[in-house]
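>
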Amino acid sequence: MKLLLAHTDLPVRKVLALSMAAGLSSALVLVVINQAATSDGGYHRLQLFLMFFAALAAYSVSHHFVLRRTTAEVELALHKMRYQLALRLKSCSLRALEGIERSEIVAAANKDAYIISQAAQPLVNAVHAILLIAATCLYIGYLSYTALLVGALLTAICVPIHLAHVRHLHEVMKKTTARENQLFSTQDDFLNGAKEMRLHEPRRDALDQAFRTVSQEAAEMKSRQRSNYASMFVFSQIGFYLLLATMVFMAPQMSDASQGAVVATAMAILFILGPISTVLSVIPILVNANAAARNLEKVESRLAEGDEELGTSGPSPATFQKIECQELRFAYNGESHFELGPVSLSLEPSQLIFITGGNGSGKSTLAKVICGLYRHDTGKILLDGERLRSGGLPDYRALFSSVFADFHLFRSLYGVEAEKDEVHDLLLQFGLEGKTEFKKGEFTNLDLSTGQRKRLALVVALLEERPILLLDEWAAEQDPEFREYFYRELLPELKAKGKTVVVVTHDDRFFDVADVLLKLERGKVVVGDE
1 MKLLLAHTDL
11 PVRKVLALSM
21 AAGLSSALVL
31 VVINQAATSD
41 GGYHRLQLFL
51 MFFAALAAYS
61 VSHHFVLRRT
71 TAEVELALHK
81 MRYQLALRLK
91 SCSLRALEGI
101 ERSEIVAAAN
111 KDAYIISQAA
121 QPLVNAVHAI
131 LLIAATCLYI
141 GYLSYTALLV
151 GALLTAICVP
161 IHLAHVRHLH
171 EVMKKTTARE
181 NQLFSTQDDF
191 LNGAKEMRLH
201 EPRRDALDQA
211 FRTVSQEAAE
221 MKSRQRSNYA
231 SMFVFSQIGF
241 YLLLATMVFM
251 APQMSDASQG
261 AVVATAMAIL
271 FILGPISTVL
281 SVIPILVNAN
291 AAARNLEKVE
301 SRLAEGDEEL
311 GTSGPSPATF
321 QKIECQELRF
331 AYNGESHFEL
341 GPVSLSLEPS
351 QLIFITGGNG
361 SGKSTLAKVI
371 CGLYRHDTGK
381 ILLDGERLRS
391 GGLPDYRALF
401 SSVFADFHLF
411 RSLYGVEAEK
421 DEVHDLLLQF
431 GLEGKTEFKK
441 GEFTNLDLST
451 GQRKRLALVV
461 ALLEERPILL
471 LDEWAAEQDP
481 EFREYFYREL
491 LPELKAKGKT
501 VVVVTHDDRF
511 FDVADVLLKL
521 ERGKVVVGDE
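Note that this note's numbering numbers the sequence shown so that position 386 is 386, with each residue one more than the last.
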């Protein structure tokens with residue numbers, strides 16, 4: 001509730017007042033019906049008939065307003081929370097973002113938000129039910145004070161037992177969910193590991209056994225969960241019947257209530273059985289919603305901790321004269337013993353720079369440091385002779401287009417102005433004609449091979465028309481002919497157009513193309529030739 005109220009302009013007092021009006025109107029319906037049942041008829045019954053419809057109308061208007069307003073406000077609050085999460089993602093540093101499990105962020109933005117959304121209407125119904133129960137209890141107290149005390153005593157005994165059942169059920173649900181997630185993961189192994197399974201019979205048999213075991217355990221836990229729910233439901237029904245029996249059999253023996261009062265009390269108990277069920281059923285929903293809200297706050301807090309606190313960039317710079325990286329060092333904050341640097345390097349227009357080295361030597365890390373995605377720990381970067389500061393980082397990053405090894409393809413050209421003919425020419429140049437098309441501002445097909453996806457990513461990078469192009473192992477999945485074209489024709493062509501191209505590569509037979517060759521081993525520069 002606190003999380004929702006912090007993101008909404010819901011008039012709480014007005015909503016509570018109308019909820020109270022709805023509860024009192026519902027209770028008045030019961031009173032009118034009881035009065036009408038004992039009425040002698042005539043004009044008095046007509047009055048009661050009119051009062052019944054007045055109470056019904058008051059309930060309908062007030063409860064409908066509360067439901068409609070709170071549902072709309074909750075969805076608006078969720079929109080604000082999702083957008084706030086998106087803003088946190090946008091401003092979070094890459095290093096901080098990499099330290100958070102992707103599944104946590106996806107769950108917070110989708111699953112947790114959905115759980116909170118689904119809890120909105122049950123919560124409103126529960127508030128109305130509580131107010132109705134309170135008003136009906138006042139009516140029962142008016143009919144028989146003894147009946148109210150006896151009913152309260154029985155409720156005080158049953159409710160804690162029911163809540164204990166709910167807590168136990170919640171624990172079982174968590175374990176069941178974890179086991180089902182494991183089952184889904186094993187199913188993914190069946191789908192994604194189809195080739196490996198068919199080439200390795202022992203692996204297939206072991207996976208089959210693992211799936212059978214996990215599936216059986218999930219089924220048993222799900223059965224236990226449903227059994228616990230059934231027990232809780234039966235216990236609730238027994239509690240209701242005991243409450244009704246207490247009002248009918250015990251309360252009259254302990255007071256001098258009339259027969260009419262006993263009947264009216266029994267009707268009142270029957271009247272609030274539904275609201276009591278509503279309140280009890282909403283408890284596990286609220287428990288899940290609170291857990292989802294806490295998780296959403298936790299993820300947002302972690303993203304906020306990684307906020308780079310940068311300004312916005314201006315128009316993308318068309319040119320630069322020189323970038324000097326001087327004695328740059330970078331380490332992964334104790335996550336490993338790896339340390340990059342010191343590295344010194346200069347970037348100038350119309351230059352081809354190759355960064356090479358073995359796996360784990362720091363090539364990709366250096367590329368991210370050079371373009372400003374990772375903040376170097378020591379050393380400095382000079383842009384046209386001026387030292388790069390935090391405030392200038394957005395403009396500095398705007399110099400670079402990139403295709404990293406773990407690149408992401410956007411279906412639309414977000415933030416990139418390009419003519420359809422220009423896009424078509426590049427698709428034709430990179431052998432993607434017929435594989436995908438550019439229509440209505442987006443690519444029609446992204447389900448391509450890895451090499452084709454990299455070509456499409458390079459098409460997008462070239463459309464950005466930025467002075468520096470950074471390519472991380474781009475040629476690794478290309479066929480020999482296209483690899484030859486990339487090194488012997490495309491790179492010299494880009495250089496001739498004034499582009500600075502930084503290429504992370506293993507292809508030593510094309511090193512002669514480079515103007516600068518930088519070789520790394522364990523984060524250290526071992527070769528730096530021009």
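A virtual CB, placed ideally from N, CA and C, is assigned to each residue, including glycine.
Unbroken beta strand (DSSP E) runs of length 3 or more, entirely within the region 225–289: which are they?
The region 225–289 contains no whole beta strand (DSSP E) run of 3 or more residues.
> Applying the 10 Å Cβ sphere with the 16-neighbour rule, what's the burial state of residue 247?
Here the question's residue 247 lines up with position 247 in the sequence shown. The residue is buried, with at least 16 neighbouring Cβ atoms inside 10 Å.
> Using DSSP with H/G/I as helix, E/B as strand and the rest coil, what is residue 502?
Position 502 of the sequence shown, counted from the start, is the residue given in the question as residue 502. It is a strand residue.
> I need the straight-line Cα distance from residue 101 to residue 390, nearest angstrom please.
The residue labelled residue 101 in the question sits at position 101 within the sequence shown. The residue labelled residue 390 in the question sits at position 390 within the sequence shown. Taking the straight line from one Cα to the other gives about 27 Å.
> Taking residue 434 and residue 396 to be in contact with their CB atoms under 8 Å, please state how far apart those CB atoms are, rounded to whole angstroms.
The residue labelled residue 434 in the question sits at position 434 within the sequence shown. The residue labelled residue 396 in the question sits at position 396 within the sequence shown. That belief does not hold up - the Cβ atoms of residue 434 and residue 396 are roughly 39 Å apart, past 8 Å.
> Judging by CA-CA distance, which residue of 177, 18, 159 is the nearest neighbour of residue 279?
For the purposes of this step, residue 279 is taken as residue 279 along the sequence shown, with counting starting at 1. Among 177, 18, 159, the Cα nearest to that of residue 279 belongs to 159.
> For residue 131 versus residue 19, is the C-beta spacing smaller than 8 Å?
Taking the first residue of the sequence shown as 1, we reach residue 131 at position 131. Taking the first residue of the sequence shown as 1, we reach residue 19 at position 19. In this structure, residue 19 lies closer than 8 Å to residue 131 by Cβ.
> If you reduce the DSSP assignment to three classes, tell me which class residue 346 lands in.
By one-based count along the sequence shown, residue 346 stands at place 346. Of the three classes helix, strand and coil, the one that applies to residue 346 here is strand, per DSSP.
> First and last residue of the alpha helix (DSSP H) that includes residue 513?
For the purposes of this step, residue 513 is taken as residue 513 along the sequence shown, with counting starting at 1. Looking at the DSSP string, residue 513 is not in any alpha helix (DSSP H), and its letter there is neither H nor E.
> Please return the same chain residues whose Cβ sits closer than 7 Å to the Cβ of residue 25, not counting the five positions on each side in sequence.
As a first step, residue 25 must be located in the sequence shown, where it is residue number 25. Excluding positions up to five away in sequence, the list reads 55, 58, 59, 62.
> Using CA atoms only, rank isn't needed, just tell me which of 114, 134, 224, 370 is closest to residue 273.
Here residue 273 refers to the residue found at position 273 of the sequence shown. Closest by alpha carbon: 134.
> What ranges does the beta strand (DSSP E) occupy inside the region 328–393, keeping only unbroken runs of at least 3 residues that lie completely in it?
You should have 339–347, 351–357, 378–383.
> According to DSSP, is residue 416 part of a helix, a strand, or is it coil?
In the sequence shown, the residue the question calls residue 416 occupies position 416. Reduced to three states, the DSSP call for residue 416 is coil.
> One question on the structure: do residue 367 and residue 407 come within less than 8 Å of each other, judged by their Cβ atoms?
For the purposes of this step, residue 367 is taken as the residue at position 367 of the sequence shown. For the purposes of this step, residue 407 is taken as the residue at position 407 of the sequence shown. Contact: no.
> In whole angstroms, give me the CA-to-CA distance for residue 17 and residue 211.
Taking the first residue of the sequence shown as 1, we reach residue 17 at position 17. Taking the first residue of the sequence shown as 1, we reach residue 211 at position 211. Spanning the two alpha carbons is a distance of roughly 54 Å.
> Using the beta-carbon count (16 or more within 10 Å), is residue 190 buried or exposed?
Residue mapping note: residue 190 aligns to position 190 of the sequence shown, counting from 1. By the 10 Å Cβ count, residue 190 comes out exposed.
> Does the beta-carbon of residue 176 have 16 or more other beta-carbons within 10 angstroms, so that it is buried, or is it exposed?
Along the sequence shown, read from residue 1 onward, the residue named residue 176 stands at position 176. Result: buried.
> Helix or strand or just coil, what does DSSP make of residue 401?
Within the sequence shown, residue 401 is the residue found at index 401, counting from 1. The answer is strand: DSSP assigns residue 401 an E or B state.
> My guess is that residue 78 and residue 113 are in contact by the Cβ rule of under 8 Å, so how many angstroms apart are they, rounded?
Walking along the sequence shown from the start, residue 78 turns up at place 78. Walking along the sequence shown from the start, residue 113 turns up at place 113. Rounded, the Cβ-Cβ distance is 5 Å, consistent with contact.
> Identify whether residue 524 lies in helix, strand or coil by the three-state DSSP scheme.
To locate residue 524, count along the sequence shown from 1; it is residue 524. Three-state result, residue 524: strand.
> Around the C-beta of residue 161, are 16 or more other C-beta atoms found within 10 angstroms, so that it is buried, or is it exposed?
Position 161 of the sequence shown, counted from the start, is the residue given in the question as residue 161. When all chains shown are included, residue 161 counts as exposed.
> Could you work out which residue in 260, 360, 350 is closest to residue 524 when comparing CA atoms only?
Sequence index remark: in the sequence shown, residue 524 carries index 524 (1-based). Per the Cα distances, 360.
> Assign residue 74 to one of two classes, buried (16 or more other C-beta atoms within 10 Å of its C-beta) or exposed (fewer than that).
By one-based count along the sequence shown, residue 74 stands at place 74. By the 10 Å Cβ count, residue 74 comes out buried.
> Go through its chain and collect everything with a Cβ distance to residue 31's Cβ below 7 Å, but skip five positions before and after it.
Mapped onto the sequence shown, residue 31 falls at position 31. Excluding positions up to five away in sequence, the list reads 139.
> Excluding the 5 residues flanking residue 282 on each side, which residues of the same chain have their C-beta closer than 6 Å to its C-beta?
What you label residue 282 is simply residue 282 of the sequence shown in a count that begins at 1. Only 122, 126 meet the Cβ criterion.
> Can you tell me whether residue 429 is helix, strand or coil according to DSSP?
To locate residue 429, count along the sequence shown from 1; it is residue 429. Three-state DSSP puts residue 429 in a helix.
> With respect to the alpha helix (DSSP H) encompassing residue 131, which residues constitute its N-terminal and C-terminal limits?
By one-based count along the sequence shown, residue 131 stands at place 131. Residue 131 -> alpha helix (DSSP H) spans 113–143.
> Taking DSSP as the reference, what is the three-state secondary structure of residue 478?
The sequence position of residue 478 within the sequence shown is 478, counting from 1. Residue 478: coil per DSSP, three-state reduction.
> Which same chain residues end up closer than 8 Å to residue 477 when comparing Cβ atoms and leaving out the 5 residues on each side of it in sequence?
As a position in the sequence shown, residue 477 is number 477, starting the count at 1. 449, 450, 451, 454.
> How many whole angstroms separate the CB atoms of residue 267 and residue 110, which I take to be in contact at a CB cut-off of 8 Å?
Locating residue 267 in the sequence shown gives position 267, where the first residue counts as 1. Locating residue 110 in the sequence shown gives position 110, where the first residue counts as 1. Contact doesn't hold; Cβ gap of about 46 Å is too wide.
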